[in-house]
Amino acid sequence: MSTLAERLAAVQAQVAAACRAAGRDPAEVCLVAVSKRQPDALLLEAYAAGQRDFGENYVQEMLRKQPLLPPDARWHLIGHVQSNKAKAAATAHLLHTLDSEKLARALARAAEAEGRRLDVLVEVNLAHEDQKAGVDPEGVEALIEVAQATGWLEVQGLMCIPPEGEGPRYFPELRRLRDDLVERLKRPLPILSMGMSGDFEAAIAAGATVVRVGTAIFGARG
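The opening residue of the sequence shown carries number 66 in the numbering used here; numbering runs sequentially from there.
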């Protein structure tokens, strides 16, 4: 049975190979280890193996785990955030799931109280799925402008969770949307957060700069 360090190394090698196949520098892609509902011991093991970027779906779980690792660990909030959890969410290194003006204003208030600008991504619901969070592509530009106008949020790019099995179809769409927004808004949006354990190689081929991998590193969740 493989160890966590071996699985992490294998995923890192896959990321590097996917980058080379796409003519990209592997240093352009950040691997986020999705540690939601994983035992604390595995979190520590991943850190000891050199992993520094960790993804959590739930604000309270992120808060509980933050003290377990040294300060150079970077915490990514990748699950839906309710406005009443904005204060805790503002402690993240990067919030991937901004999807409403209400949340933008709540996060801005929390960031101001912390005295620290918060980096965020706008979550885009590319397939217009009713059961999923995210803003429709048509609403992304307005949400970016609202977030930037707060003075406390810095929109760094876009994130998506496509329908299962349909990543290769939707990843290029997110890239095109980002490129179009950069042209229209005349501002950089360097981060594309897309791709998980089953499809991160296709995401890298389409331009992902952040991939979110859980099961392939940690194994099945308890």
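For each residue, glycine too, the CB sits at the ideal point set by N, CA and C.
Everything numeric in this text was worked out from a predicted model, so none of it was measured.
Alpha-carbon spacing of residue i relative to residue j, whole angstroms
{"i": "valine 220", "j": "valine 80", "result": "25 Å"}
{"i": "arginine 170", "j": "aspartate 244", "result": "26 Å"}
{"i": "valine 276", "j": "lysine 167", "result": "27 Å"}
{"i": "leucine 218", "j": "glycine 180", "result": "11 Å"}
{"i": "alanine 207", "j": "threonine 280", "result": "35 Å"}
{"i": "glutamate 238", "j": "alanine 98", "result": "24 Å"}
{"i": "glutamate 93", "j": "asparagine 149", "result": "34 Å"}
{"i": "leucine 73", "j": "leucine 96", "result": "10 Å"}
{"i": "leucine 128", "j": "alanine 153", "result": "7 Å"}
{"i": "alanine 212", "j": "valine 205", "result": "11 Å"}
{"i": "glutamate 210", "j": "glutamate 71", "result": "43 Å"}
{"i": "histidine 145", "j": "tyrosine 123", "result": "8 Å"}
{"i": "leucine 246", "j": "isoleucine 226", "result": "19 Å"}
{"i": "leucine 242", "j": "arginine 89", "result": "20 Å"}
{"i": "proline 136", "j": "proline 91", "result": "24 Å"}
DSSP bridge partner residues for residue i (one or two, in chain order)
{"i": "phenylalanine 119", "result": "Ala98 and Trp140"}
{"i": "glutamate 126", "result": "None; glutamate 126 has no bridge partner."}
{"i": "valine 76", "result": "DSSP, once it has assigned bridges, lists no residue as partnering valine 76."}
{"i": "cysteine 225", "result": "Val189"}
{"i": "valine 276", "result": "Leu96"}
{"i": "isoleucine 256", "result": "Gly222"}
{"i": "valine 200", "result": "Val189"}
{"i": "aspartate 184", "result": "Glu219"}
{"i": "leucine 134", "result": "Its beta-bridge partners do not exist; DSSP assigns none."}
Residue i and residue j closer than 9 Å at C-beta
{"i": "glycine 263", "j": "glycine 284", "result": "no"}
{"i": "alanine 155", "j": "leucine 183", "result": "yes"}
{"i": "isoleucine 143", "j": "glutamate 126", "result": "no"}
{"i": "leucine 254", "j": "glycine 232", "result": "no"}
{"i": "leucine 134", "j": "leucine 109", "result": "yes"}
{"i": "arginine 249", "j": "glutamine 103", "result": "no"}
{"i": "alanine 83", "j": "phenylalanine 265", "result": "yes"}
{"i": "glycine 272", "j": "arginine 252", "result": "no"}
Burial state of residue i, where buried means 16 or more other Cβ atoms lie within 10 Å
{"i": "glutamine 196", "result": "exposed"}
{"i": "glutamine 147", "result": "exposed"}
{"i": "aspartate 164", "result": "buried"}
{"i": "proline 202", "result": "buried"}
{"i": "glycine 199", "result": "buried"}
{"i": "asparagine 190", "result": "buried"}
{"i": "histidine 141", "result": "buried"}
{"i": "alanine 178", "result": "exposed"}
{"i": "serine 67", "result": "exposed"}
{"i": "alanine 157", "result": "buried"}
Spatial neighbours of residue i in its chain, beta-carbon cut-off 7 Å, leaving aside the 5 residues before and after
{"i": "alanine 138", "result": "Tyr112, Arg117 and Phe119"}
{"i": "alanine 176", "result": "Ala155, Arg182, Leu183, Trp217 and Leu218"}
{"i": "proline 228", "result": "Ala192 and Glu194"}
Close beta carbons around residue i, own chain, < 6 Å, minus the five adjacent residues each side
{"i": "serine 258", "result": "His161, Leu186, Met224 and Val275"}
{"i": "alanine 173", "result": "Thr215, Trp217 and Leu218"}
{"i": "alanine 270", "result": "Ala87"}
{"i": "valine 76", "result": "Val278, Ala281 and Ile282"}
Any non-hydrogen atom of the ligand ADP within 8 Å of residue i CB
{"i": "glutamine 79", "result": "No copy of the ligand ADP occurs in the structure displayed, which carries no ligand at all."}
Cβ neighbours of residue i in the same chain (closer than 8 Å, five flanking residues each side left out)
{"i": "alanine 267", "result": "Gly232, Pro233, Phe236 and Gly260"}
{"i": "alanine 151", "result": "Leu168, Ala171, Leu172, Arg174 and Ala175"}
{"i": "glycine 115", "result": "Leu73"}
CB contact below 9 Å: residue i versus chain D
{"i": "alanine 214", "result": "Checking the listed chains, one finds no chain D in this structure; it contains a single protein chain."}
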